[in-house]
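What follows is a single structure, written as structure tokens, with notes after it.
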Amino acid sequence: MEWQTYGRRQVYGSPWVEVWLDDVDVPGIGRIDHHVIRMPRPSVTSVVTNDVGEFLLLYRHRFITSRWGWEVPAGWADPGEDPAAAIAREVEEETGWRPGRVEPLVEYDALAGISTMHFQCFHATSCERVGMPTDRSEAARVEWVPEAEVAKLLVSGQVADGPSLAALSYYLGPHRLAGV
């Protein structure tokens, strides 16, 4: 059953997020105004690994949830910017490490029932240290974390950020099981 859309109007907009009311006909329910959060720019994340089995993670505070936790590098692609180039830029800005290789890992829709938020996740390797992070607001610490410790962080809830949880879990699970 497919919903029919009759129109939409913007309630709020900024370069980061837009809120719309879509006039939709929901089968079995009828016509309603459905809130939709649209993201004007593509979201990118990356699992960054080195050749000794470590993962490059950021430890940071998120004011909205008032929570500290570990995250993978992430950000937005600028208009017209290639997503792989965008995540390479974000990794360098946030960590001070420049990826030598960036390959697609997985794509997913984070909140498909209410948002257009679409994540493209990459796997970055062969990183070279180029200096301190240029975006100092991103993390309190940037560390290479051994794989066994990453698994413990995931299980203990210390990786609570959705994009980070999805990226790391996918990499350690289905990606590995598929032998990619």
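With full-length UniProt numbering, the residue at position 145 of the sequence shown is 145, and numbering never jumps.
Cβ atoms here follow ideal geometry from the backbone N, Cα and C, with glycine treated the same way.
Note down the Cα distance separating residue i from residue j, rounded to an integer number of angstroms.
{"i": "R41", "j": "E103", "result": "20 angstroms"}
{"i": "A139", "j": "G162", "result": "17 angstroms"}
{"i": "V47", "j": "F122", "result": "6 angstroms"}
{"i": "E94", "j": "P79", "result": "20 angstroms"}
{"i": "P27", "j": "G113", "result": "15 angstroms"}
{"i": "E54", "j": "C127", "result": "12 angstroms"}
Looking at C-alpha atoms only, which residue of the options is the closest neighbour of residue i?
{"i": "M18", "options": "M39, L177, L111 and L172", "result": "Rather than Met, the amino acid found at residue 18 in this sequence is Glu. Comparing Cα positions, the closest option is M39."}
{"i": "E71", "options": "H61, A88 and T65", "result": "H61"}
{"i": "N50", "options": "R129, S156, K152 and D33", "result": "R129"}
{"i": "S115", "options": "A86, I64 and W16", "result": "W16"}
{"i": "V44", "options": "W76, Y59 and Q4", "result": "W76"}
{"i": "H35", "options": "V26, S164, L172 and L21", "result": "L21"}
{"i": "T5", "options": "S14, V11, G28 and I32", "result": "I32"}
{"i": "V106", "options": "H118, R67, R98 and G100", "result": "H118"}
{"i": "Y170", "options": "Q120, V24 and S137", "result": "Q120"}
{"i": "Q10", "options": "A166, W3, I29 and I37", "result": "I37"}
{"i": "T65", "options": "G179, A148, E2 and V159", "result": "V159"}
Helix, strand or coil: how does DSSP classify residue i here?
{"i": "V48", "result": "strand"}
{"i": "E138", "result": "coil"}
Could you check if residue i is buried or exposed, using at least 16 other CB atoms within 10 Å of its CB as the buried criterion?
{"i": "V150", "result": "buried"}
{"i": "F63", "result": "exposed"}
{"i": "P73", "result": "buried"}
Are the Cβ atoms of residue i and residue j separated by less than 8 angstroms?
{"i": "G96", "j": "P146", "result": "no"}
{"i": "L177", "j": "L154", "result": "no"}
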